[in-house]
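Asker:
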Amino acid sequence: MKKLLLIIAVTGATMWSQAQVIFAVQSPASIQGNYEFSWADPAGGWGSPDFNIPGTFVEGELMIVDDGSTGLNPQGNPISAEGCNPLINDLTGKIALIYRNTCEFGTKAYNAEMAGAIGVVIVNREPEVIAMGAGAQGASVTIPVAFVSSITGALMTAEMENGPVNVFFGNKTGLFADDAGVTTAASLISKSYGTPIQLSQNASEFNFEVGTRVYNYGTNSQSNISVSATVTGPSGIVYDETLTSISIPSGDSVDIFPGGTYSFPAFSLATYPAGRYTLTYSVDLGIDDEYDGDNSVSSDFVLNNEVYSLAQINSETGLVQSNNAYRPSNNTATFGACIPFRNANASRLGAAGIYFSAQGSAVDLTGEEMILNLYRWDDNFVDLNDANLAFDNLTPIAFGFYDYPSDLQGETVYGSFTSQVVFQNNTRYLACVQTYNLDIFIGFDTKTNYLWNEAYYLQPLTIIENDGQYFASGFGADVVPALGLRIFNAEELGIEETATIDGLVYPNPAKDLVTVSINTEGAATLNITDLSGRTVSSSTVSFVNGRTELNMADLTSGAYIINVTMTDGRTAKFNVVKN
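Here the sequence shown stands for residues 30 to 608, where the numbers follow our numbering.
1. For the structure I just gave you, are there three or more beta carbon pairs, one from the segment 280-297 and one from the segment 341-357, closer than 8 angstroms?
2. Within its chain, find whatever has a CB closer than 7 angstroms to the CB of Gly389; leave out the 5 residues flanking it on each side and keep chain order.
3. What's the call for Asp474, buried or exposed, on a 16-neighbour Cβ count within 10 Å?
4. Throw me the rounded Cβ distance for the Gly382 and Gly444 pair, which I believe falls under 8 angstroms.
5. With a 10 Å radius around its C-beta and 16 neighbouring C-beta atoms as the bar for buried, classify Thr585 as buried or exposed.
6. If you run the structure through DSSP and keep just helix, strand and coil, what is Phe159?
7. Would you call Gly587 buried or exposed, if buried means 16 or more other Cβ atoms sit within 10 Å of its Cβ?
8. When DSSP labels each residue in this structure, what does Phe410 get in the three-state scheme?
9. Output yes or no for whether 7 angstroms exceeds the beta carbon distance between Ile93 and Ala110.
10. Enumerate in chain order the residues of its own chain whose CB-to-CB distance from Thr527 is below 7 angstroms, with the five nearest sequence positions on each side excluded.
11. Under three-state DSSP, which class holds Ile108?
12. Can you have a look at Thr569 and say buried or exposed, based on whether 16 or more other CB atoms are within 10 angstroms of its CB?
13. Where does Asp432 land, buried or exposed, given buried means 16+ other C-beta within 10 angstroms?
14. Just reading off the alpha helix (DSSP H) that Met595 is part of, what are its end residues?
15. With contact counted as at least three CB pairs below 8 angstroms, one residue from each stretch, are the segment 67-86 and the segment 98-106 in contact?
16. Hey, would you say Ile254 sits closer than 7 angstroms to Leu339, going by beta carbons?
17. Taking DSSP as the reference, what is the three-state secondary structure of Glu397?
18. What are the residues that DSSP puts in a beta bridge with Phe430?
19. Thinking just about the alpha-carbon of each residue, which of Phe205, Asp507, Gly145 is nearest to the one in Tyr320?
20. Under three-state DSSP, which class holds Asp78?
21. Taking the Cβ atom as the reference point for each residue, do Ser297 and Asn236 lie within a distance shorter than 7 angstroms?
22. What number of angstroms, rounded off, separates the C-alpha of Ser98 from the C-alpha of Ile108?
23. How many angstroms separate the CA atom of Asp70 from the CA atom of Val534?
24. If you draw a straight line from the C-alpha of Gln341 to the C-alpha of Phe330, how long is it?
25. Between Val211 and Gly247, what straight-line distance do the alpha-carbon atoms span, to the nearest angstrom?
26. Which two residues bound the contiguous beta strand (DSSP E) that contains Ser252?
27. Taking only three categories from DSSP, how would you classify Ser376?
28. Following the continuous beta strand (DSSP E) through Asn140, name the residue where it begins and the one where it ends.
29. Could you check the C-alpha separation between Thr441 and Arg599 for me, to the nearest Å?
30. Determine, using beta carbons only, whether Val194 and Met185 come nearer to each other than 7 angstroms.
31. Could you pull the start and end residues of the alpha helix (DSSP H) that Gly182 belongs to?
32. What's the call for Pro510, buried or exposed, on a 16-neighbour Cβ count within 10 Å?
33. Can you give me the C-alpha to C-alpha distance between Ile393 and Asp436, rounded to a whole angstrom?
34. Can you tell me whether Asn580 is helix, strand or coil according to DSSP?
35. Closer than 8 angstroms is the cut-off here; do at least three beta carbon pairs connect the segment 265-274 with the segment 512-519?
36. Determine the closest residue to Ile172 out of Arg154, Ser178, Asn191, Ala144, with distance taken between C-alpha atoms.
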């Protein structure tokens with residue numbers, strides 16, 4: 030049965046990405062700028078003002094709350110700053126800063142409002158942004174409430190030790206006379222984040238359309254807007270296009286879109302060196318923009334030898350990276366996250382396994398089993414609008430299991446298929462990671478946004494499986510399964526299986542000690558090189574029960590490559606970051 034979209038209602042829930050609704054640090058200059066956030070939505074039971082209404086905002090100085098409690102919470106923050114009890118400090122005219130940990134979001138915000146706060150910023154205990162449930166007291170809260178990641182919170186609290194930190198959050202539409210912007214939600218990007226260089230030999234093999242929507246948030250109409258699109262690659266700027274003299278009335282927008290009144294040429298190059306590329310859209314009013322924090326947006330893509338992925342790839346580790354974890358709220362049995370793959374030259378490649386991550390606050394991952402599947406997707410359909418779109422003919426062609434060796438919460442790991450397979454040209458495939466444990470959430474990437482890509486190309490991208498039923502658009506095209514398909518050159522089929530060993534290194538990033546875990550026993554030579562290829566350490570180690578420990582305490586912070594060579598000639602290679 031065809032299903033298009035499943036709404037998220039889980040611990041990490043829906044995000045809001047309307048560009049005019051922002052969270053910005055106004056001062057000090059050292060941390061000035063826009064940050065990702067969610068807010069207390071009246072549609073979710075809050076009594077807070079609706080940021081979807083233009084001109085609805087709050088601005089002011091941050092102040093940490095104090096409810097008189099003693100001790101530190103598990104994150105090392107004062108329990109008194111969780112604001113779960115009536116506050117003992119006066120927050121009149123201030124924006125309360127509160128740590129998440131215990132008690133409901135609504136309770137924290139209500140206590141802050143009763144102490145005189147004009148707004149609330151709640152800091153997460155994890156480096157991610159989720160939605161806030163109103164709880165029992167959220168309906169009684171009448172002030173704006175924002176939620177930011179632990180990273181954003183740490184930046185702000187560090188600066189608060191040196192002096193005032195002032196923030197703005199809300200809807201800035203109509204606040205300025207001259208103000209325009211662009212958004213990630215309304216921009217075309219590369220068709221995938223990680224693309225095999227083997228499928229990118231020339232302009233016909235790798236290309237994508239370029240386009241964005243330009244908003245005029247200001248009260249003045251504009252008649253001299255210019256919009257630029259640039260792509261910077263390993264060798265510098267490789268694409269640079271600008272459109273000028275664009276007119277946009279106040280409160281309106283203009284689409285720069287293939288086939289539209291305004292359009293950019295598609296991005297393509299005669300040849301593609303491997304490496305990271307950055308696509309940037311920028312808007313210029315021709316006069317001073319009174320709020321330029323949203324005048325440009327950027328999106329990366331990586332051409333590489335080892336990974337196909339829709340999700341972001343970490344520039345230091347080279348691994349697929351998640352920033353949140355989800356499962357459907359109505360899930361009762363199985364949950365899987367999947368990424369599709371199809372290419373006219375796919376027979377150049379084979380698949381060896383899947384990179385992924387998982388986490389769960391109520392479960393220790395040690396010993397948990399994740400199921401890996403690679404299907405040939407034999408349902409015959411054209412696009413998302415085709416009535417024949419279905420998941421009725423998924424033919425298994427590879428599978429595997431990954432058993433967690435330890436509690437690697439949120440860390441990218443690799444699970445190999447029991448046998449490698451070579452792709453066929455112009456054939457649809459679906460690579461999935463699945464769990465039966467209702468307490469396990471699979472990693473997703475909410476920073477890579479394919480909303481415009483999905484609307485333009487009309488291809489399924491962010492697929493999930495819920496209790497045996499598949500959803501072609503999953504949680505939405507801006508919530509991307511953080512899966513990476515490990516690929517290899519097809520002519521090497523059989524070589525990798527006999528000559529290399531799969532495994533992992535953890536923790537990664539590492540501080541001092543790391544564990545190298547691979548399916549082998551006995552002596553091995555272990556060399557560590559930096560990214561320039563210089564050997565920084567060489568030693569002989571012994572694997573016992575498939576593991577050996579490595580001390581990296583003497584190495585400086587940075588990215589390294591660990592090369593393991595067994596006495597029988599088999600090898601393993603891992604990327605690791607030393608903090």
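Just so it is clear, CB atoms sit at the ideal spot from N, CA and C, and this is done for glycine as well.
Answerer: So, to answer that:
1. Output reads no: the segment 341-357 does not touch the segment 280-297.
2. Here residue 389 refers to the residue found at position 360 when the sequence shown is read from its first residue. Cβ-Cβ distances below 7 angstroms link Gly389 to Asp468, Ile469, Phe470 in the same chain, with the five nearest sequence neighbours on each side left out; the list follows chain order.
3. The residue you call residue 474 lines up with position 445 of the sequence shown. That one is buried.
4. Residue 382 sits at position 353 when you count from the first residue of the sequence shown. Residue 444 sits at position 415 when you count from the first residue of the sequence shown. Rounded, the Cβ-Cβ distance is 5 angstroms, consistent with contact.
5. Translated into the one-based positions of the sequence shown, residue 585 becomes position 556. With fewer than 16 neighbouring CB atoms inside 10 Å of its own CB, Thr585 falls in the exposed class.
6. For the purposes of this step, residue 159 is taken as the residue at position 130 of the sequence shown. A quick correction: the sequence has Ile, not Phe, at residue 159. Coil at Ile159, not helix or strand.
7. Taking the sequence shown and counting its residues from 1, the one referred to as residue 587 is at position 558. Flag for Gly587 reads exposed.
8. By one-based count along the sequence shown, residue 410 stands at place 381. In the structure shown, Phe410 sits in coil (DSSP, three-state: anything other than H, G, I, E or B).
9. Against the sequence shown, residue 93 aligns to sequence position 64. Against the sequence shown, residue 110 aligns to sequence position 81. The Cβ atoms of Ile93 and Ala110 sit closer than 7 angstroms to each other.
10. Taking the first residue of the sequence shown as position 1, residue 527 is located at position 498. Low local confidence applies: a pLDDT of 45 at Thr527 is under 50, so the model's placement there is unreliable, and no value is given.
11. For the purposes of this step, residue 108 is taken as the residue at position 79 of the sequence shown. When DSSP states are grouped into helix, strand and coil, Ile108 belongs to the helix group.
12. Taking the first residue of the sequence shown as 1, we reach residue 569 at position 540. Answer is exposed; the Cβ neighbour count stays below 16.
13. Counting from one through the sequence shown, the residue named residue 432 turns up at place 403. By the Cβ-count criterion, Asp432 is exposed, with fewer than 16 other Cβ atoms from all chains shown falling within 10 Å of its own Cβ.
14. Taking the sequence shown and counting its residues from 1, the one referred to as residue 595 is at position 566. Taken as a continuous stretch (DSSP letters only), Met595 belongs to no alpha helix (DSSP H), being part of the beta strand (DSSP E) at 587-595.
15. Remark: fewer than three beta-carbon pairs, one from each stretch, lie closer than 8 angstroms, so the segment 67-86 and the segment 98-106 are not flagged as touching.
16. Here residue 254 refers to the residue found at position 225 when the sequence shown is read from its first residue. Here residue 339 refers to the residue found at position 310 when the sequence shown is read from its first residue. Cβ distance not < 7 angstroms, so Ile254 and Leu339 don't count as in contact.
17. Taking the first residue of the sequence shown as 1, we reach residue 397 at position 368. Coil.
18. Taking the sequence shown and counting its residues from 1, one reaches residue 430 at position 401. DSSP links Phe430 through a beta bridge to Ile400.
19. The residue given as residue 320 occupies position 291 in the sequence shown. Nearest of Phe205, Asp507, Gly145 to Tyr320, Cα basis: Phe205.
20. What you label residue 78 is simply residue 49 of the sequence shown in a count that begins at 1. Reading the sequence as shown, one finds Pro at residue 78 and not Asp. Coil at Pro78, not helix or strand.
21. Within the sequence shown, numbered from 1, the residue matching residue 297 stands at position 268. Within the sequence shown, numbered from 1, the residue matching residue 236 stands at position 207. Yes.
22. Indexing the sequence shown from 1 puts residue 98 at position 69. Indexing the sequence shown from 1 puts residue 108 at position 79. Between the alpha carbons of Ser98 and Ile108 lies a gap of roughly 6 angstroms.
23. Within the sequence shown, numbered from 1, the residue matching residue 70 stands at position 41. Within the sequence shown, numbered from 1, the residue matching residue 534 stands at position 505. For Asp70 and Val534, the gap between their C-alpha atoms comes out near 41 angstroms.
24. For this step, residue 341 is matched to residue 312 along the sequence shown. For this step, residue 330 is matched to residue 301 along the sequence shown. Going by the C-alpha atoms only, they are around 8 angstroms apart.
25. Reading the sequence shown from its first residue, position 182 is the one you call residue 211. Reading the sequence shown from its first residue, position 218 is the one you call residue 247. Answer to the nearest angstrom: the Cα atoms are 13 angstroms apart.
26. Here residue 252 corresponds to residue number 223 of the sequence shown, with the count starting at 1. Where Ser252 is concerned, the enclosing beta strand (DSSP E) stretches over 251-262.
27. Within the sequence shown, residue 376 is the residue found at index 347, counting from 1. Three-state result, Ser376: helix.
28. Here residue 140 is taken as the residue at index 111 of the sequence shown, counted from 1. Run containing Asn140: none in the beta strand (DSSP E); it sits in the alpha helix (DSSP H), 134-143.
29. Residue numbering aside, residue 441 sits at position 412 when the sequence shown is read from its first letter. Residue numbering aside, residue 599 sits at position 570 when the sequence shown is read from its first letter. Looking at the two C-alpha atoms, the distance is approximately 24 angstroms.
30. Mapped onto the sequence shown, residue 194 falls at position 165. Mapped onto the sequence shown, residue 185 falls at position 156. Val194 is a Cβ neighbour of Met185, given a cutoff of 7 angstroms.
31. For this step, residue 182 is matched to residue 153 along the sequence shown. Residues 179-189.
32. Numbered from its first residue, the sequence shown carries residue 510 at position 481. It is buried - the Cβ of Pro510 has at least 16 other Cβ atoms within 10 Å.
33. On the sequence shown, position 364 is the one that residue 393 refers to. On the sequence shown, position 407 is the one that residue 436 refers to. Rather than Ile, the amino acid found at residue 393 in this sequence is Asp. Per the coordinates, the alpha-carbon of Asp393 lies some 6 angstroms from the alpha-carbon of Asp436.
34. Indexing the sequence shown from 1 puts residue 580 at position 551. Reduced to three states, the DSSP call for Asn580 is strand.
35. Touching, no.
36. To locate residue 172, count along the sequence shown from 1; it is residue 143. Restricting attention to Arg154, Ser178, Asn191, Ala144, the CA atom closest to the CA of Ile172 is found in Ala144.
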